[in-house]
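Colleague:
Protein chains: 2
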Amino acid sequence: MQMEQNNSRPANGLISRGETPLNLEMPFSSLDQFITPNEQFYVRCHFPIPEIDDAAWRLKIEGAVESPAEWSLADLRQMANHTIPATMECAGNGRSFLEPKVKGVEWDLGAVGNAEWTGVWLRDVLARAGAKGDAIEVILEGADKGPIKEPPRPPGEIRYARSVPMAKARGDVLLAFAMNGEPLTPAHGFPLRAVVPGWFGMASVKWLERVIVTSVPFNGYYQSIDYTYWEQRNGLPTLVPLAEMRVKAQIARPHIGEIVAADAEYRIHGAAWGGESDVAKVEVSDDDGASWHPAALLSEPVKNAWRFWEFRWNTPAHSGDYTLIARATDSVGTTQPARRVAEYGSYMINHLLPIRVQVR
Amino acid sequence: MQMEQNNSRPANGLISRGETPLNLEMPFSSLDQFITPNEQFYVRCHFPIPEIDDAAWRLKIEGAVESPAEWSLADLRQMANHTIPATMECAGNGRSFLEPKVKGVEWDLGAVGNAEWTGVWLRDVLARAGAKGDAIEVILEGADKGPIKEPPRPPGEIRYARSVPMAKARGDVLLAFAMNGEPLTPAHGFPLRAVVPGWFGMASVKWLERVIVTSVPFNGYYQSIDYTYWEQRNGLPTLVPLAEMRVKAQIARPHIGEIVAADAEYRIHGAAWGGESDVAKVEVSDDDGASWHPAALLSEPVKNAWRFWEFRWNTPAHSGDYTLIARATDSVGTTQPARRVAEYGSYMINHLLPIRVQVR
């Protein structure tokens with residue numbers, strides 16, 4: 001287990017998990033704002049950040065459409081604009097807690113954030129181009145590109161691309177040019193990125209340049225080899241692309257190894273989120289899961305956004321190590337799994353994570 | 001490049017490419033019979049050969065069917081039986097010629113054979129169980145199983161399984177209990193195997209125990225991670241399951257490095273095959289591809305079977321190294337590619353293979 005304290009921190013307070021490609025996470029123990037400031041929002045890159053001349057940049061739409069088209073950033077700003085909140089979590093968030101170790105960026109708890117995004121609905125863009133009736137998916141392609149190192153891999157350089165099924169594409173997917181009221185920064189996908197609410201971050205393609213409507217399933221690298229998991233179907237493991245985030249509560253404070261005063265009240269707090277469903281309940285255990293106590297949810301649910309929660313803990317009178325666990329249940333009754341699901345591989349880390357603290 | 005002469009040969013004349021799992025190929029230079037004798041037919045295994053009690057064995061059919069059912073071997077023998085020829089080639093045949101080296105069994109040219117198979121049509125079995133109208137694929141599952149070592153991999157042990165689309169399943173796929181008039185041997189899939197004519201061998205699942213009709217695409221390990229290749233679609237590499245064999249001519253004699261008498265007639269000969277299309281033409285070059293000469297096709301085409309060919313070569317009067325190449329064209333006009341296609345990865349090795357010989 002890595003502890004946040006051991007990592008170098010850039011000036012903006014984010015923790016570096018790699019420079020090329022750039023990967024940054026927030027120190028989750030500092031969580032205190034429902035809207036994550038842009039400079040504290042985690043950054044996940046697969047390739048070097050592309051330099052894009054926004055004057056020359058165009059969004060292209062092609063494939064199974066009546067009228068292939070392209071629009072400038074000014075064109076998009078002149079369409080109907082919408083602002084929505086969306087919590088975004090990297091599918092590998094929490095990977096540093098996995099035993100045995102698996103491949104991938106060693107995220108602690110901070111590859112998650114909640115922002116307000118402004119842009120145009122993907123469905124409006126699809127309607128303008130006239131998506132055909134047999135279309136089943138929409139591929140979102142970024143400008144970021146590079147070679148894949150590990151087999152199985154396609155040869156040469158590839159661009160980052162991901163697809164969403166037509167039902168989701170015709171739903172609440174936003175093509176965003178602003179984040180919390182500011183233009184996107186290069187690290188966050190300038191000039192345009194997708195925001196796929198309720199889904200892991202890999203679907204929210206940055207540096208978006210091409211929308212391809214397709215009538216056959218897309219099996220690109222990040223849809224088939226990477227960002228996938230195994231699901232048992234008919235008694236056989238079948239590879240499935242990651243999609244919705246999984247219900248999860250994370251403890252911000254105390255952090256791992258924190259020293260907590262004995263025989264006092266301590267505010268255990270954190271955030272919980274759950275894919276396309278709202279969070280309905282958060283519980284806390286201070287005895288390694290033997291008993292559970294309801295936490296207070298600190299606001300009404302906001303669609304597609306995390307929910308803050310707290311639990312006023314009467315700390316033990318006796319010094320010692322204690323294990324805290326939080327667990328969330330969503331509005332359709334799904335609770336976090338107690339143990340790691342092997343089929344999830346290196347992703348979807350939403351089993352219960354014990355946080356050891358010292359009471360003194 | 002490996003030369004056949006350097007490999008140990010079991011008593012039956014096959015070349016071992018591994019004992020556990022068992023992998024054997026024929027020495028292709030010994031090619032002389034249109035029907036490959038069972039004891040010379042290549043063997044490809046992914047796991048240990050399962051021991052099956054044929055009295056207790058049943059073929060199950062389930063999934064998107066009106067009436068799930070199971071049949072004994074005696075039941076299948078009592079249904080309408082059919083005998084068809086089919087050439088079967090391992091998708092990795094010729095891998096030892098790839099530079100740089102890639103992962104996988106180091107086959108020379110002999111992971112190919114042609115047999116007559118006897119059994120029942122898969123379509124008859126589907127009709128008996130009543131495959132539903134929304135069914136799109138048929139999964140064929142074997143009894144062979146084991147763990148996968150390299151990521152990305154499903155956890156635990158998996159069974160070998162592969163699917164065919166419904167159109168092929170309703171076509172000429174045979175469930176075979178006999179090979180060249182003899183019951184299948186354990187190495188060839190006793191008591192029952194699929195034979196998918198025109199497709200690479202990975203589709204012809206051995207030790208067949210379960211047929212699962214499905215209305216969603218199957219993405220099992222051997223359908224998504226292994227036995228796949230990259231195809232450019234919409235300018236993006238997309239993972240595609242291997243299916244049809246690719247048109248190909250192989251030279252049996254002379255073999256690599258063979259010493260050929262100068263200023264004489266030498267019978268260059270071999271076999272050619274091509275997926276679901278017939279072979280229409282074979283050509284030979286003795287000057288490294290600068291000029292091509294038509295080879296004689298030695299029989300009428302037999303659907304789904306290879307075609308033998310020969311070229312009477314007037315060898316040069318001067319001693320030296322010469323490069324022979326054969327190339328095939330199928331009945332729809334597809335010719336072997338001159339150079340390796342990078343997207344094919346470690347499979348579908350059907351580019352032109354130069355055979356260096358010494359004329360003395």
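Line by line, the protein sequences are chains W and S.
According to my numbering, the first sequence is numbered sequentially starting from 1.
According to my numbering, the second sequence is numbered sequentially starting from 1.
Note that CB positions come from ideal geometry on N, CA and C, so glycine has one too.
All values reported here derive from a predicted model rather than from experimental measurement.
1) Which class does W/K173 belong to by DSSP, given the choice of helix, strand or coil?
2) Residues in its own chain within less than 6 Å of S/P337 by CB, not counting five upstream and five downstream?
3) From W/P10 to W/N180, what distance separates their C-alpha atoms?
4) Buried or exposed, going by whether 16 or more other CB atoms sit within 10 Å of the CB of S/H293?
5) Is the Cβ of W/G113 closer than 8 Å to any Cβ of chain S?
6) For chain S, find out if any of its Cβ atoms is closer than 8 Å to the Cβ of W/M3; answer yes or no.
7) With a cut-off of 8 Å, do at least 3 Cβ pairs link the segment 210-223 of chain W to the segment 124-138 of chain W?
8) Taking a contact to mean a Cβ-Cβ separation below 8 Å, would you say S/A290 touches S/A272 in this structure?
9) Give the residues of chain S in contact with W/S16, contact being defined as C-beta atoms less than 7 Å apart.
10) I need the straight-line Cα distance from S/R246 to S/M348, nearest angstrom please.
11) W/L236 to W/E141, Cα distance in whole Å?
12) Strictly below 9 Å CB to CB, what residues from chain W border S/G345?
13) My guess is that S/I61 and S/A129 are in contact by the Cβ rule of under 8 Å, so how many angstroms apart are they, rounded?
14) First and last residue of the alpha helix (DSSP H) that includes W/A129?
15) I want to know whether the segment 48-59 of chain S touches the segment 82-92 of chain S - three or more CB-CB distances under 8 Å.
16) Going by the DSSP bridge assignment, what does W/Y347 pair with across the sheet?
17) Cβ of W/W230 less than 8 Å from any chain S Cβ?
18) By a C-beta neighbour count over all protein chains shown, 10 Å radius and 16 as the cutoff for buried, is W/I259 buried or exposed?
19) Could you run through the segment 93-110 of chain W and flag, in chain order, every residue whose CB is less than 9 Å away from some CB of chain S?
20) Can a CB atom of chain S be found closer than 8 Å to the CB of W/L353?
21) Could you tell me the distance, in whole angstroms, from the CA atom of W/S72 to the CA atom of W/D53?
22) Let me make sure I understand the geometry here. Which of S/F177, S/P151, S/S285 has the alpha-carbon closest to that of S/S224?
23) Determine which residues share a DSSP beta bridge with W/Q231 and list them.
24) For a contact defined as C-beta to C-beta under 9 Å, what are the partners of W/A342 on chain S?
25) Going along the segment 51-77 of chain W in order, which residues come within less than 8 Å of chain S, judged by CB to CB distance?
26) Looking at the unbroken beta strand (DSSP E) that takes in S/A252, where does it start and where does it end?
27) Applying the criterion that 16 or more other CB atoms from any shown protein chain within 10 Å of the CB defines a buried residue, is S/G119 buried or exposed?
28) Among W/G198, W/A176, W/Y227, W/V65, whose alpha-carbon lies nearest the alpha-carbon of W/E209?
29) Taking a Cβ distance cut-off of 9 Å, strictly less, list which residues of the segment 201-221 of chain S are near chain A, in chain order.
30) Have a look at S/I35 and W/E157 and give me their C-alpha separation to the nearest angstrom.
31) Using a C-beta to C-beta distance shorter than 9 Å, which residues of chain S count as neighbours of W/I139?
32) Do you know whose CA, among W/N234, W/T315, W/D108, W/A280, lies nearest W/A262's CA?
33) Please classify S/A305: is it buried, with 16 or more other beta-carbons within 10 angstroms of its beta-carbon, or exposed?
34) Taking the alpha-carbon positions, what's the S/T335 to S/A328 distance?
35) Whole angstroms are fine: how far does the CA of S/P197 sit from the CA of S/S277?
36) Please go through the same chain and pick out, in chain order, the residues whose beta-carbon is closer than 7 Å to the beta-carbon of W/E106, but skip the five residues on each side of it.
Modeller: Quick look at the numbers:
1) Mapped onto the first sequence, residue 173 of chain W falls at position 173. The displayed chain sequence assigns Val, not Lys, to residue 173 of chain W. Of the three classes helix, strand and coil, the one that applies to W/V173 here is coil, per DSSP.
2) Within the second sequence, the letter at position 337 stands for residue 337 of chain S. Answer for S/P337: H351, listed in chain order.
3) In the first sequence, counting from the first residue as 1, residue 10 of chain W sits at position 10. In the first sequence, counting from the first residue as 1, residue 180 of chain W sits at position 180. With a pLDDT of only 49 at W/P10, under the threshold of 50, the placement of this residue in the model should not be trusted; the figure read from the coordinates follows. The alpha-carbon of W/P10 is positioned some 21 Å away from that of W/N180.
4) Along the second sequence, one-based indexing puts residue 293 of chain S at 293. The residue in question, S/H293, is exposed, as its Cβ has fewer than 16 Cβ neighbours within 10 Å.
5) Start at 1 with the first residue of the first sequence, and residue 113 of chain W comes out as number 113. No, its Cβ sits nowhere closer than 8 Å to a Cβ of chain S.
6) Residue numbering aside, residue 3 of chain W sits at position 3 when the first sequence is read from its first letter. Residue placement at W/M3 is flagged as unreliable, the pLDDT there being 37, under the threshold of 50; a coordinate-derived value is accordingly withheld.
7) With the cut-off at 8 Å, the segment 210-223 of chain W and the segment 124-138 of chain W touch.
8) The residue labelled residue 290 of chain S in the question sits at position 290 within the second sequence. The residue labelled residue 272 of chain S in the question sits at position 272 within the second sequence. Not closer than 8 Å, so no.
9) In the first sequence, counting from the first residue as 1, residue 16 of chain W sits at position 16. Within chain S, no residue has its beta carbon less than 7 Å from that of W/S16; the closest one is some 25 Å off.
10) Here residue 246 of chain S refers to the residue found at position 246 when the second sequence is read from its first residue. Here residue 348 of chain S refers to the residue found at position 348 when the second sequence is read from its first residue. Answer to the nearest angstrom: the Cα atoms are 7 Å apart.
11) Taking the first sequence and counting its residues from 1, the one referred to as residue 236 of chain W is at position 236. Taking the first sequence and counting its residues from 1, the one referred to as residue 141 of chain W is at position 141. Spanning the alpha carbons of W/L236 and W/E141 requires a straight line of approximately 31 Å.
12) The residue labelled residue 345 of chain S in the question sits at position 345 within the second sequence. Chain-order list of chain W residues neighbouring S/G345: P151, P152, R153, P154, P155, by C-beta distance under 9 Å.
13) On the second sequence, position 61 is the one that residue 61 of chain S refers to. On the second sequence, position 129 is the one that residue 129 of chain S refers to. With 8 Å as the limit, S/I61 and S/A129 qualify as a contact, their Cβ atoms being about 4 Å apart.
14) The residue given as residue 129 of chain W occupies position 129 in the first sequence. Residues 122-129.
15) The segment 82-92 of chain S and the segment 48-59 of chain S do not touch, with fewer than three beta-carbon pairs separated by less than 8 Å.
16) Translated into the one-based positions of the first sequence, residue 347 of chain W becomes position 347. None, per the DSSP bridge assignment.
17) Taking the first sequence and counting its residues from 1, the one referred to as residue 230 of chain W is at position 230. At least one beta carbon of chain S lies nearer than 8 Å to the beta carbon of W/W230.
18) Your numbering for residue 259 of chain W matches position 259 in the first sequence. Exposed is the call here.
19) Answer in chain order: V102, K103.
20) Walking along the first sequence from the start, residue 353 of chain W turns up at place 353. For W/L353, no CB of chain S lies under 8 Å from its own CB, so it is not counted at the interface with that chain.
21) Residue 72 of chain W sits at position 72 when you count from the first residue of the first sequence. Residue 53 of chain W sits at position 53 when you count from the first residue of the first sequence. Between the alpha carbons of W/S72 and W/D53 lies a distance of about 11 Å.
22) What you label residue 224 of chain S is simply residue 224 of the second sequence in a count that begins at 1. Among S/F177, S/P151, S/S285, the Cα nearest to that of S/S224 belongs to S/P151.
23) Mapped onto the first sequence, residue 231 of chain W falls at position 231. Going by the sequence as given, residue 231 of chain W is Glu instead of Gln. BP columns for W/E231 point to W/T238.
24) Start at 1 with the first residue of the first sequence, and residue 342 of chain W comes out as number 342. Per Cβ cutoff of 9 Å: P154, P155, G156.
25) Taking 8 Å as the upper bound on Cβ-Cβ separation, chain S lies near residues E62, G63 of the segment 51-77 of chain W.
26) Sequence index remark: in the second sequence, residue 252 of chain S carries index 252 (1-based). Where S/A252 is concerned, the enclosing beta strand (DSSP E) stretches over 248-253.
27) Numbered from its first residue, the second sequence carries residue 119 of chain S at position 119. It is buried - the Cβ of S/G119 has at least 16 other Cβ atoms within 10 Å.
28) Position 209 of the first sequence, counting from 1, holds the residue named residue 209 of chain W. Measuring C-alpha to C-alpha distances from W/E209 to each of W/G198, W/A176, W/Y227, W/V65 identifies W/A176 as the nearest.
29) Of the protein chains in the structure, W and S, none is chain A.
30) On the second sequence, residue 35 of chain S is found 35 positions in, with the first residue counted as 1. On the first sequence, residue 157 of chain W is found 157 positions in, with the first residue counted as 1. So the two alpha carbons sit approximately 45 Å from each other.
31) Your numbering for residue 139 of chain W matches position 139 in the first sequence. Going along chain S in sequence order, the residues near W/I139 (Cβ under 9 Å) are N234, L236.
32) The residue given as residue 262 of chain W occupies position 262 in the first sequence. Ranking W/N234, W/T315, W/D108, W/A280 by Cα distance to W/A262 puts W/T315 first.
33) Looking up residue 305 of chain S in the second sequence gives position 305. Counting C-beta atoms within 10 angstroms of its own C-beta, S/A305 has 16 or more neighbours from the protein chains shown and is therefore classed as buried.
34) Along the second sequence, read from residue 1 onward, the residue named residue 335 of chain S stands at position 335. Along the second sequence, read from residue 1 onward, the residue named residue 328 of chain S stands at position 328. Taking the straight line joining both Cα atoms gives about 6 Å.
35) Within the second sequence, residue 277 of chain S is the residue found at index 277, counting from 1. Within the second sequence, residue 197 of chain S is the residue found at index 197, counting from 1. For S/S277 and S/P197, the distance between alpha carbons rounds to 11 Å.
36) Here residue 106 of chain W is taken as the residue at index 106 of the first sequence, counted from 1. Here the set comprises Q2, R17, R95, S96.
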